[in-house]
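A short worksheet on the structure shown next.
In our numbering, the protein residues as written are -8 to 103.
Have a look at this one:
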């Protein structure tokens, strides 16, 4: 810090001829200036009509949803792998699906 002040003072004594000293002064000294500021005139909102009640409507914390109808399981959706047309022909590619999670474990199938 002392070397910075010393180099600034040496630069002032030399008249600021060297550019390195001027850079040091410009980067570390703040120049405060005072002046008159002019502000823009704010826009006129006299034609805007504000509502009488600026409050918002009250809403329930939990929305009123209809309860879902109870239905039986659709066994067609969980019937397992297809028994027919389950192989590829003519070099086709595809995704092989796993059995549904509700199907019986393989260990129990072997025992029966």
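The C-beta atom is built at its ideal place from N, Cα and C for all residues, glycine as well.
Bear in mind the structure is a predicted one, so any value in this text is a computation, not a measurement.
Could you have a look at residue i and say whether DSSP puts it in helix, strand or coil?
i          : result
residue 69 : helix
Once the 5 residues before and after residue i are set aside, which same chain residues still bring their CB inside 7 Å of it?
i          : result
residue 54 : none
residue 42 : none
Give me the Cβ distance between residue i and residue j, rounded to the nearest whole Å; I'm assuming they're in contact under 8 Å.
i          : j          : result
residue 79 : residue 88 : No, residue 79 and residue 88 are not in contact; Cβ-Cβ is about 14 Å, not under 8 Å.
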